[in-house]
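Data first, discussion second: the structure below is written as C-alpha cells.
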C-alpha cells in the first residue's frame, strides 16, 4: 500500500468531512450570533422566564395553562448540548469545565430537563391541576438543579426574575 | 493501484474526522439531520402557534410585559427553522411546499424575518408600552408568520376544531 | 328675421349644443372623495381584486393564469391604461363587464371572473368601485390571449351553461348597512366567498345547495375549508374569532392564514383586513345562520 497516497486521500477526506460537518453544525448550533456563550445565555434566560411564568400561573390557580411554557422548556432542552462546543469556556461564561470532563452526565442532565418538562406539559394538557402542582413544587430542583448544581458557577447575586 | 490507495485514505480520513468532530461537539451525528424532520418541525410550529395565541390572550387581558417571554420564545425558535427543512424532507405528512427548496434564500430570509418581528414585539412588551405593543401585535400574525406561510406552506383544509386554547399541544 | 325664425335658431342651437352640455355635466360629476373612499372600501371587501394581480407585481395589471376544463385564461389588465387596460371604457362598459360578463366588443368573459355573483352588488357600490378602479396607477401590459380547448365553447357551450347551471345573484335596491343582511350581502355578492368555499357540481357550477360547504379541489389546487356551522366538519369558531380572523389572519390556535385566504385578507391596495369590525362581525353573524353542511375536507 502506498502510504503517501493513502495519507493524501485521508487529508482530502478529512477536509471534506469537516466542511460538511462544519456546515451542518453551523446551522444547528448558532442562533445567528456565532457566539455560543451569548446564544446559550439567551436560551437559558428564556428558560428561566418560562419557568417563572409556570410558577406564577400555578400560584394564580391556573395550573392547566402551563402547557405552552413546559413545551418551550422541553424544546429548548433539546438544544442545550449543541451550545456547549469544546473550548467555549470564556470570561463571560458561568459554565464549569466539568461539563466537558463529564460530558455523558451533562448530556443526561439536559435530557432530564427535556423529559421532566414533557411530563409537566402532558399533565397540563390532561388538565390535571393536582399533578401539575406536585411536579412544579420540586421542578426547580429536579429539572434545573440537577444540572446547575454540578455544572454551573452559581451567580454571586440573585438577579430579578427574567421577564423574557 | 494508486487510486485505490487514495480512496482508502479518503474513507479513513473522513471517518476519523467525523468521529473527532462528533466527539468534539458531543453530538451524535444522527442528531444533525433529525430522523423525523417533519415531526420535529410540526412540533416546533405548533409551539409557535400556542405561543402566539398565548400572547394574544395576554394582550387582551392587558398583561403587556408578560408578552415578552412569548415573543422571545418565538425569536428563539425562528433560528431553528431552516435546519428543520433539510433537502429531501418532503413527505405525505408535510405541508411544506417544494418552493422552499427552489427559493431557499427567500425561505431563510422569511425565517429570519420572523425573528426580527418577534424581537420587535419582545422589545415593545419589555418597554411596557401598551400602545406600542398593540401596534406591533396588530400586524404580527401577517408580518411574522403570514409572510412565510403565504408562499411556502399548503394551508390546512379545515378550520381547526374546536378553537384550541393555547395549551392544546399534542402529547409526545 | 321674424320671431319665429329666431326661436327656430334658438331651438336648433340648443339641439346642437345639447350633447356638449350633457357631456360637460357628466364630466363635471367627478367622483367625490366620499365615493372614492367607498369604492376603495368595496375594493378591499372583494379581496382587493387579487385575481387581477400577480403577487408582487403591479396591482390590477392582470396576467394571472387560470386553468380550467375550458382551457387557460389570463386575468385582464383592469388598470386605467388606455391601450392595454380599461382606461378607454365608459363606466357603463366596465359595469357591464363586472356584472354581466361582457366586454365592449360583445365578447363574453369566462366566468373565472364571477360576474353572476358580482351581479348581486348594489348599483351604488359598483359605481363607487368603478370610480376607484380609475384611480389605480395605470400599467401598460397587454392582455394575454386565452387558449380555449373546448370546441364551440364561447358560441354554444358557455351561453348554455350560464343559462342552465350558473346560479345568479340579483342586486338589492340599496346595499344593506348592518346586521345579518349586511353580512349576507358581503358574503354572497361582494366577498364572493362561494367561489372558493362552495363545492362544485359535475358541470363545474357552484352547488349552492351546499353553500360554503368546502371545496376539496379549489383554485390553485387548494383544499378549501367548509365554513358552514356544521359541528363536526365545519366552522365552530365564535363570531368574535371569525371577525378577528378576517381582520388579521389570526386563528384561535395561534396559526395564521396563508395561501389564497391570506392573500385576500391582506388584499392589494385594500383587503378584507380593511373592513370595519362591524362588517366583519356581520359576516360572522351571517355565517352562523347558513345551513350546516356535512362535508369533511382534507384528512
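Protein chains in written order, with my numbering: chain A, 92 to 255; chain B, 359 to 530; chain C, 2 to 300. Using N, Cα and C, we set each Cβ at its ideal position, and we do this for glycine too.
Backbone CA spacing between residue 106 of chain C and residue 89 of chain C [nearest angstrom]:
If I take the Cα positions, the gap works out to 13 Å.
Determine whether the Cβ of residue 298 of chain C lies closer than 7 Å to any Cβ atom of chain B.
Using a CB distance cut-off of 7 Å, residue 298 of chain C counts as an interface residue toward chain B.
Residue 408 of chain B: contacting residues in chain C (beta-carbon distance under 9 Å)
Listed along the chain, the chain C residues whose CB falls inside 9 Å of the CB of residue 408 of chain B are 254, 255.
So, does the CB of residue 163 of chain A fall closer than 7 Å to a CB anywhere in chain B?
Using beta-carbon distances, residue 163 of chain A counts as an interface residue toward chain B, with a partner under 7 Å.
Look at the alpha carbon of residue 492 of chain B and the alpha carbon of residue 167 of chain C, and state the distance between them as a whole number of angstroms.
Across the structure, residue 492 of chain B and residue 167 of chain C are spaced so that their CA atoms are roughly 45 Å apart.
Compare the C-beta of residue 500 of chain B against all C-beta atoms of chain C and say whether one is closer than 7 Å.
It does; some Cβ of chain C falls within 7 Å.
Starting from residue 416 of chain B, follow the alpha helix (DSSP H) in both directions and report where the run begins and ends.
First-last of the alpha helix (DSSP H) with residue 416 of chain B: 395-419.
Neighbouring residues, chain A, relative to residue 423 of chain B (Cβ below 7 Å)
254, listed in chain order.
Please report the straight-line C-alpha distance between residue 137 of chain C and residue 50 of chain C, rounded to a whole angstrom.
One alpha carbon belongs to residue 137 of chain C, the other to residue 50 of chain C, and they sit about 12 Å apart.
Look at the alpha carbon of residue 290 of chain C and the alpha carbon of residue 60 of chain C, and state the distance between them as a whole number of angstroms.
Straight-line measurement puts the Cα of residue 60 of chain C at about 35 Å from the Cα of residue 290 of chain C.
Using only alpha-carbon positions, find the residue among C:48, C:173, C:171, C:125 that is nearest to residue 93 of chain C.
Closest by alpha carbon: C:125.
With distance defined between alpha-carbon atoms, name the residue in C:257, C:265, C:48, C:113 nearest to residue 77 of chain C.
Closest option to residue 77 of chain C, Cα to Cα, is C:113.
Taking CB distances under 7 Å as the criterion, tell me whether residue 473 of chain B reaches chain C.
For residue 473 of chain B, the answer is no, since every Cβ of chain C falls outside 7 Å of its Cβ.
Which listed residue (C:30, C:280, C:194, C:295) has its alpha carbon closest to that of residue 117 of chain C:
If we check each option's Cα against that of residue 117 of chain C, C:194 comes out closest.
Any beta-carbon of chain C closer than 7 Å to the one on residue 411 of chain B?
Interface residue, yes.
Helix, strand or coil at residue 44 of chain C according to DSSP, with G and I counted as helix:
Residue 44 of chain C falls in the helix class under three-state DSSP.
From C:230, C:147, C:189, residue whose alpha carbon lies closest to that of residue 173 of chain C:
Comparing Cα-Cα distances from residue 173 of chain C to each of C:230, C:147, C:189, the minimum goes to C:189.
Using alpha carbons as the reference points, say which of C:262, C:275, C:169, C:251 lies closest to residue 52 of chain C.
By alpha-carbon distance to residue 52 of chain C, the top candidate from C:262, C:275, C:169, C:251 is C:262.
Short CB-CB distance (under 7 Å) between residue 216 of chain C and chain B:
No, no contact with chain B.
Distance between residue 123 of chain C and residue 204 of chain C (C-alpha atoms, nearest Å):
Our two residues, residue 204 of chain C and residue 123 of chain C, have alpha carbons roughly 28 Å apart in a direct line.
Cβ atoms of residue 165 of chain A and residue 329 of chain A: under 7 Å apart, would you say?
Nothing can be reported for residue 329 of chain A: it is not among the residues displayed for chain A, which extend from 92 to 255.
Let me know if residue 83 of chain C comes out buried or exposed under the rule of 16 or more other beta-carbons within 10 Å of its beta-carbon.
Under this definition residue 83 of chain C is an exposed residue.
Going by DSSP, what residues sit across from residue 207 of chain C in a beta bridge?
According to DSSP, which records beta bridges pairwise, residue 207 of chain C is partnered with C:201.
Going along the chain, which residues of the segment 136-155 of chain A sit with their C-beta nearer than 7 Å to a C-beta in chain B?
Only 137, 140, 141, 144, 155 from the segment 136-155 of chain A bring a Cβ to less than 7 Å from some Cβ of chain B.
In the DSSP assignment, find the beta strand (DSSP E) that holds residue 74 of chain C and state where it starts and stops.
It spans 72-75 - the beta strand (DSSP E) in which residue 74 of chain C sits, taken as one unbroken run.
For residue 159 of chain A versus residue 398 of chain B, is the C-beta spacing smaller than 7 Å?
Remark: C-beta atoms of residue 159 of chain A and residue 398 of chain B do not approach each other more closely than 7 Å.
Taking just the CA atoms, how far does residue 505 of chain B sit from residue 152 of chain C?
If I take the Cα positions, the gap works out to 42 Å.
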